[in-house]
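K.L.:
Numbering (the working numbering), first residue to last: -6 to 344.
Every residue, glycine too, gets a C-beta built ideally from N, C-alpha and C.
Computed from a prediction, not measured in an experiment: that's the story for all the values here.
Quick one: this structure, given as structure tokens, is what I'll be asking you about.
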Amino acid sequence: MGASWSSSNTNRRRNQNHPPSLLLSSSSSSAPSYSYPPAPYAPPPPPPPPYHPHPPPPPIYSPYYYSGGPNYQYPQMGRSDFAHPNQGWVGIRPVAPPHQPAAFVEEQQAKKVRNDVNVHKDSVKVEVDENNPDHHLVSFVFDALFDGSITIFYFAKEEPNCKVVPVFPESYKPVKVPFQKGAGQKFRQPSGTGIDLGFFELDDLSKSSAGDVFPLVISAETCSPLDENSADHPPNSSPHRQITQAVLEKKDTDPFRVKVMKQILWIDEVRYELREIYGIGNSGEAISDNDSGKECVICMTEPKDTAVLPCRHMCLCSECAKALRIQSNNCPICRQPIEELMEIKINSTGL
């Protein structure tokens, strides 16, 4: 006869800290067996972290190198590796960017042209008219190979074919004065043909306005006579013209000062813009033949005959200029980027 022992009241009185009750059962044909009640439900353990077959990407390139300690690109046996604090990557010094090749520089040769009339831009000024103290007259020094004329414009602009057109022709009529050929001539605008500068704002006089309208424009032109033409200079159908565009500046009680902004040549129906070349042998900065300043600044042996544009420093010989095109793109004088190289051949008598 089998017997079983159990109590339901015991389960109700059981505290959660006590282990579960033991159940004893037996039968007439077998030995007693023991069993436990089912344990309370327990959540399954968290899954293992995902496996990454590849390491995380390297840190973003930065021009600043940072490392938490010494690291070794090729670790050896028995040596500890110190990792980069950023994502566990070993700190590696970033590779410098590759050297940029010098930009292509265009090389040109200067062309010789004959200018029949030239206004010395440093001599241009305005003077008070003695007969009309409120008005100013234009004066300057000029050279001319042939007879011609000079026209003074106020508030004028350049039109196609280098023609000068006044913006206010009714108020400021152009003043045209003839001249004869000669060097170092002094020009002065006739009295009574000047302009009252006090009528204008200083800002309007000190800069060009929209459309390149300049407060002061000087147009000097010549026509070579037929009997004075040679085989080298055939008769020209259009006059040779030089245009000088300027502004007027004034500070406090000082007199007006003329500042030439641009000079333009019109020769054989071709427009040229005059630019100064710094260091050219026959310029105002010319030096004696014994001075080493005539030599190339790179090789220091050959005479300089090549100018750098746009800075206009004439400081190289032709051979060094060719090498400079490959190795660098900066002027050796001012370090400004080079856009063009202009070769200028100079002899003892000039260009």
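#1: Can you check whether the CB of VAL131 is closer than 9 Å to the CB of ALA149?
#2: Flag this pair as yes or no: are the beta carbons of ALA300 and MET293 separated by less than 9 Å?
#3: Quick one: residues in its chain with C-beta nearer than 6 Å to the C-beta of LYS169, no 5 flanking neighbours on either side, listed in chain order?
#4: Under 6 Å Cβ to Cβ from ARG234, same chain only, skipping five residues before and after it: list those, please.
#5: Please state the DSSP three-state secondary structure of ILE257.
#6: Using CA coordinates, which residue listed in GLU336, LYS338, LEU317 and VAL263 is at the minimum distance from ARG328?
#7: Looking only at DSSP bridge pairs, what is SER201 linked to?
#8: Just grab the DSSP bridge partners of THR237 for me.
#9: By how many angstroms is the C-alpha of GLU266 removed from the C-alpha of GLU242?
#10: Please state if the CB of HIS129 and the CB of ASP197 are separated by a distance shorter than 9 Å.
#11: How should GLY177 be labelled, buried or exposed, when 16 other C-beta atoms within 10 angstroms of its C-beta is the threshold for buried?
#12: Could you compute how far the alpha carbon of SER248 sits from the alpha carbon of GLY187?
#13: On the criterion of 16 or more Cβ atoms from any shown chain inside 10 Å, does ILE357 qualify as buried, or is it exposed?
#14: Could you tell me the distance, in whole angstroms, from the CA atom of VAL210 to the CA atom of TYR147?
#15: Any heavy atom of the ligand COA closer than 8 Å to the Cβ of LEU267?
#16: What three-state label does DSSP hand ASN154 in the structure shown?
#17: Assuming contact is defined by CB atoms lying nearer than 9 Å, are PHE139 and LYS174 in contact in what I supplied?
#18: From what residue to what residue does the beta strand (DSSP E) around GLU336 run?
#19: Could you check whether SER199 and VAL251 sit closer than 9 Å to each other, using their CB atoms as the reference points?
#20: My understanding is that VAL117 touches PHE133, with C-beta atoms under 8 Å, so please give their C-beta distance in whole angstroms.
#21: Between the Cα of PRO232 and those of ARG268, ASP261, CYS313 and MET335, spot the shortest distance and give me the residue it belongs to.
#22: Whole angstroms is fine: what's the gap from ARG268's alpha carbon to GLU120's?
#23: With ARG107 as the anchor, note down where its beta strand (DSSP E) starts and where it stops.
#24: Select from ASN323, PRO162, SER321 and VAL290 the residue whose C-alpha is nearest the C-alpha of LEU309.
#25: I need the boundaries of the beta strand (DSSP E) containing ARG181, first residue and last residue.
#26: Under a Cβ-count criterion, where at least 16 other Cβ atoms within 10 Å of its own Cβ denotes burial, should LEU195 be classed as buried or exposed?
#27: Cβ of PRO296 within 9 Å of Cβ of GLU332?
#28: Would you tell me roughly how many angstroms separate the C-alpha atoms of ARG264 and ILE257, rounded to the nearest one?
#29: Taking the C-alpha atoms as reference points, what is the distance between PRO375 and GLU123?
P.N.:
In brief:
#1: As a position in the sequence shown, residue 149 is number 156, starting the count at 1. As a position in the sequence shown, residue 131 is number 138, starting the count at 1. Not closer than 9 Å, so no.
#2: The sequence position of residue 300 within the sequence shown is 307, counting from 1. The sequence position of residue 293 within the sequence shown is 300, counting from 1. In this structure, the beta-carbon distance from ALA300 to MET293 does not fall below 9 Å.
#3: Taking the sequence shown and counting its residues from 1, one reaches residue 169 at position 176. Result list for LYS169: SER142 and THR144, in chain order.
#4: Taking the sequence shown and counting its residues from 1, the one referred to as residue 234 is at position 241. So the qualifying residues of the chain are CYS155, GLU214 and TRP259.
#5: Walking along the sequence shown from the start, residue 257 turns up at place 264. Residue state, collapsed to three classes: strand.
#6: Numbered from 1 along the sequence shown, position 335 holds the residue referred to as residue 328. Selected option, being the one with the closest Cα: LEU317.
#7: Working through the sequence shown from its first residue, we reach residue 201 at position 208. Answer by DSSP bridge pairing: none, since SER201 is not bridged.
#8: As a first step, residue 237 is located in the sequence shown; it is residue number 244 there, counting from the start. In the DSSP output, where bridge partners are listed per residue, THR237 has ILE211 and GLN256.
#9: Against the sequence shown, residue 242 aligns to sequence position 249. Against the sequence shown, residue 266 aligns to sequence position 273. The alpha-carbon atoms of GLU242 and GLU266 are separated by roughly 23 Å.
#10: To locate residue 197, count along the sequence shown from 1; it is residue 204. To locate residue 129, count along the sequence shown from 1; it is residue 136. Not a contact, by the Cβ cut-off of 9 Å.
#11: Here residue 177 refers to the residue found at position 184 of the sequence shown. Burial call: exposed.
#12: Within the sequence shown, the letter at position 255 stands for residue 248. Within the sequence shown, the letter at position 194 stands for residue 187. A small correction: the amino acid at residue 248 is Pro; Ser does not occupy that position in the sequence shown. Whole-angstrom Cα-Cα distance: 16 Å.
#13: Residue 357 lies beyond the residue range present for the chain, which begins at -6 and ends at 344; the question has no answer from this structure.
#14: Sequence index remark: in the sequence shown, residue 210 carries index 217 (1-based). Sequence index remark: in the sequence shown, residue 147 carries index 154 (1-based). Going by the C-alpha atoms only, they are around 6 Å apart.
#15: Ligands are entirely absent from the displayed structure, and the ligand COA is therefore not among its contents.
#16: In the sequence shown, the residue the question calls residue 154 occupies position 161. It is helical.
#17: Taking the sequence shown and counting its residues from 1, one reaches residue 139 at position 146. Taking the sequence shown and counting its residues from 1, one reaches residue 174 at position 181. Yes, the pair counts as a contact, with Cβ atoms nearer than the cut-off.
#18: Counting from 1 along the sequence shown, the entry for residue 336 is found at position 343. That run of the beta strand (DSSP E) goes 333 to 336.
#19: Taking the sequence shown and counting its residues from 1, one reaches residue 251 at position 258. Taking the sequence shown and counting its residues from 1, one reaches residue 199 at position 206. No, Cβ-Cβ distance for VAL251 and SER199 is not below 9 Å.
#20: Numbered from 1 along the sequence shown, position 124 holds the residue referred to as residue 117. Numbered from 1 along the sequence shown, position 140 holds the residue referred to as residue 133. With 8 Å as the limit, VAL117 and PHE133 qualify as a contact, their Cβ atoms being about 4 Å apart.
#21: Walking along the sequence shown from the start, residue 232 turns up at place 239. Per the Cα distances, ASP261.
#22: Taking the first residue of the sequence shown as position 1, residue 268 is located at position 275. Taking the first residue of the sequence shown as position 1, residue 120 is located at position 127. Between ARG268 and GLU120, the C-alpha separation is close to 27 Å.
#23: Here residue 107 corresponds to residue number 114 of the sequence shown, with the count starting at 1. First-last for ARG107: undefined, no H or E at that position.
#24: Here residue 309 refers to the residue found at position 316 when the sequence shown is read from its first residue. Considering only alpha carbons, the answer is VAL290.
#25: Position 188 of the sequence shown, counting from 1, holds the residue named residue 181. Its beta strand (DSSP E) spans residues 175 to 181.
#26: For the purposes of this step, residue 195 is taken as residue 202 along the sequence shown, with counting starting at 1. Exposed.
#27: Here residue 296 corresponds to residue number 303 of the sequence shown, with the count starting at 1. Here residue 332 corresponds to residue number 339 of the sequence shown, with the count starting at 1. No, they are not a contact pair.
#28: Residue 264 sits at position 271 when you count from the first residue of the sequence shown. Residue 257 sits at position 264 when you count from the first residue of the sequence shown. ARG264 and ILE257 have their C-alpha atoms roughly 7 Å apart.
#29: As displayed, the chain neither begins before -6 nor continues past 344, which places residue 375 out of reach and without an answer.
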